[in-house]
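These notes concern the structure reproduced below.
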Amino acid sequence: MPDTPKFDDIDLMLYADGEVDEALAARVEAYLDENSDARAKVEAIRQMDDTLRSYLELAADDQESRLSAMWDTIEHNIRADSTTARQALSARETESAPGAEPRSEPGRLRDRAERQDTDGIWSAIGRWLEGYRGHVLTGAAAVAAAALLVIALRPSPTVVVERGGVANPGNPGSMNVSSTAPVHEPNPPQVEHLDVTGGSGTVFVMPRDGKDDVSATVIFVDMNDVEGPL
Amino acid sequence: MTKQRSTVQPSTTRQLAIRRACTRARVLAIVIMAAAVLLGAGATSSALAQTANCSFLEIEASNKEGGIDGKLKPLAKKLKKPPLSSWKSYKLVAKHDKSLARMKPEDIRLTLGGKLSALLRRQGNSQGQKTRFEVSITIDNKSGKRAVDSTINVSSGDYLIFAFDVTSERGNLLAFTCK
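Those sequence lines, one after another, are chains X and H. Quick note: to get my numbering, add 3 to the position in the first sequence (first position is 1). Quick note: to get my numbering, add 20 to the position in the second sequence (first position is 1).
This is the structure in structure tokens:
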């Protein structure tokens, strides 16, 4: 039986994103030529990628304009406060007689600034979030979209179980667990790899029979007249 | 005075530009951290669990009278069904309980002869399913020659059974399960 490479959804996603090397890409392309389902998956991944990219770019552009407008407002307010403070300081210094007021206006301004600095980290975070809520929401939307993409593209928990093994003619000692009658079972024991030195193996899957039962897979090892292992 | 104005009331365009850049960097960092937490949660939870408690059962099957050993109750239903129902009695010869640490091989000297080596490669959960264990099992015969080299994926509580020296009259079974 020829050793046909198989690629899972993660491999296909890496290929669609251009994150595989040339050799692996060539193998994936050969696989895609033979497998229409995989071709459809790759096409779907690319379309989803385009859609997501377009959405995020539009969202980023939208937030950019809002942020610029907000910064203009903040800058305007800061300049206005600065001008008012300078005017108040100037007026106070003009009005005050020598020795009349030991606590000057610059001192009070400094106190106010220190109070703002030590107002509490939680209120600072609250103000920060309030100011940049749009960006945070955009980020959250992007994360949710990425999580949905990962969940949608990950392999299904249902696996195909192979009943009955056949000897590999190219290597008498090993056995392919490929099969004549695939059956869908929820996670029975699965033989990923089986090598029987000088013999062969036959795999039987015994599915769960009711909730209180267990699944079992039996491997009959035939040593072909060679001394058995046990 | 100059220092106070620079930290509290930035009045120059350069300072504002620096603040904007810092803010954008903070937002980007939060987004990246949130994504890493979401996408890495599954991997982290599976990576934390590093051991599996596995039992290896040596069973003698034959056509003698005697039925199924009471200690094999979890497997009883399976032993009564084909292809295992071709034998009439099953006796537990030995049971080896081993705690397998990830990527650390454990050797078991078998009572029926030979040696078994088990290696837990990985384990993990998916969508509320039972824990799944990937275990490599090698079995050497009495003279130390490698007889079987295998890698098995098994869910918690399920069984993988090797049947050796099988004739219509008797057979030696080696079953293992992990939790």
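For each residue, glycine too, the CB sits at the ideal point set by N, CA and C. Please read all numbers here as calculations on a predicted model, not as lab measurements.
Proximity test, Cβ basis, 8 angstroms: residue i and chain X
i	result
H:Ile79	no
H:Phe76	no
H:Lys97	yes
H:Leu92	no
H:Ile181	yes
H:Asp178	yes
H:Ser109	no
H:Asn73	no
H:Ala138	no
H:Lys115	no
H:Ser66	A caution first: H:Ser66 carries a pLDDT of 48, below 50, which makes its placement in the model unreliable, though a value can still be read off. Output row for H:Ser66: interface = no.
H:Thr151	no
H:Pro125	no
H:Lys101	yes
H:Gly144	no
H:Ala55	yes
H:Ile50	yes
H:Ser175	yes
H:Ile128	no
H:Pro30	Interpretation of H:Pro30 is limited by its pLDDT of 46, a score under 50 that renders its predicted location unreliable; the figure taken from the coordinates is listed afterwards. Yes, its Cβ sits closer than 8 angstroms to a Cβ of chain X.
Rounded Cβ spacing between residue i and residue j (contact assumed at less than 8 angstroms)
i	j	result
H:Glu80	H:Lys108	That belief does not hold up - the Cβ atoms of H:Glu80 and H:Lys108 are roughly 12 angstroms apart, past 8 angstroms.
H:Asp178	X:Pro192	5 angstroms
X:Gly202	H:Val51	About 57 angstroms; that fails the 8 angstroms criterion.
H:Lys124	H:Phe76	No, H:Lys124 and H:Phe76 are not in contact; Cβ-Cβ is about 16 angstroms, not under 8 angstroms.
H:Gln111	H:Gly133	Position check: residue 111 of chain H holds Lys in this sequence, whereas Gln was assumed. Not quite, the Cβ-Cβ distance comes to about 16 angstroms (not below 8 angstroms), so this is no contact.
X:Leu197	X:Met51	Their Cβ separation, rounded to whole angstroms, is 38 angstroms, which puts X:Leu197 and X:Met51 out of contact at 8 angstroms.
X:Arg56	X:Ala19	With 8 angstroms as the limit, X:Arg56 and X:Ala19 do not qualify as a contact, their Cβ atoms being about 13 angstroms apart.
Classification of residue i by the beta-carbon crowding that lies within 10 angstroms, buried from 16 upward
i	result
H:Glu78	buried
X:Tyr58	exposed
X:Arg41	Rather than Arg, the amino acid found at residue 41 of chain X in this sequence is Ala. Looking at its Cβ environment, which holds 16 or more other Cβ atoms inside 10 Å, X:Ala41 is buried.
H:Asp160	buried
X:Ser181	At X:Ser181, the pLDDT of 40 sits below 50, so the modelled position is not reliable and the matter cannot be decided from this model.
X:Ile124	exposed
H:Thr197	buried
H:Arg152	buried
X:Met226	buried
H:Lys93	exposed
H:Ser175	buried
H:Ser188	exposed
Chain H within 8 angstroms of residue i, Cβ atoms only
i	result
X:Val217	yes
X:Val221	yes
X:Pro192	yes
X:His196	yes
X:Gly129	no
X:Ser126	no
X:Phe10	no
X:Thr87	no
X:Val208	no
X:Ala145	yes
X:Val224	yes
X:Asp212	yes
X:Thr76	no
X:Val180	Note that X:Val180 scores a pLDDT of 46, beneath 50, so its modelled location is shaky and nothing firm can be said.
X:Gly173	Residue confidence is low: X:Gly173 scores 39 on pLDDT, short of 50, so the model does not pin down where it sits. No coordinate-derived value is stated.
X:His123	Here residue 123 of chain X turns out to be Gly, not His, going by the sequence shown. Not an interface residue.
X:Ala62	no
X:Arg142	According to the sequence displayed, residue 142 of chain X carries Gly and not Arg. By this cut-off, X:Gly142 is an interface position.
X:Ala149	yes
Best match in the options for proximity to residue i [C-alpha to C-alpha]
i	options	result
H:Ser137	H:Ala167, H:Ala114 and H:Asn192	H:Ala167
H:Ser156	H:Lys165, H:Arg129, H:Gln143 and H:Pro103	H:Gln143
H:Ile181	H:Gly87, H:Glu154, H:Leu48 and H:Lys98	H:Lys98
X:Tyr34	X:Val199, X:Asp11, X:Asp24 and X:Glu60	X:Asp11
X:Val224	X:Val217, X:Thr205, X:Asp215 and X:Ser218	X:Thr205
H:Cys74	H:Asp127, H:Gln149 and H:Ile88	H:Asp127
H:Leu104	H:His116, H:Ser176, H:Gly90 and H:Asn83	H:Asn83
H:Ala49	X:Asn80, X:His138 and X:Tyr18	X:His138
X:Met73	X:Thr220, X:Gly213 and X:Trp131	X:Trp131
H:Ala55	X:Ala147, X:Ser68 and X:Thr87	X:Ala147
H:Ser106	H:Arg190, H:Ala195, H:Leu194 and H:Lys199	H:Arg190
X:Leu140	X:Ala62, X:Phe207, X:Gly213 and X:Leu92	X:Ala62
H:Lys135	H:Thr187, H:Val186, H:His116 and H:Ser188	H:His116
Paired residues, beta bridge with residue i - DSSP
i	result
H:Glu154	H:Arg142 and H:Asn173
X:Phe207	X:Val221
H:Lys115	H:Leu77
X:His196	H:Thr171
H:Ser137	H:Asp127 and H:Thr158
H:Thr197	H:Ser75
H:Arg122	H:Leu140
H:Arg190	H:Ser82
H:Ser109	H:Ser82
X:Arg130	X:Arg130 pairs with nothing; no bridge assigned.
X:Leu70	X:Leu70 pairs with nothing; no bridge assigned.
H:Phe182	X:Ile222 and H:Leu194
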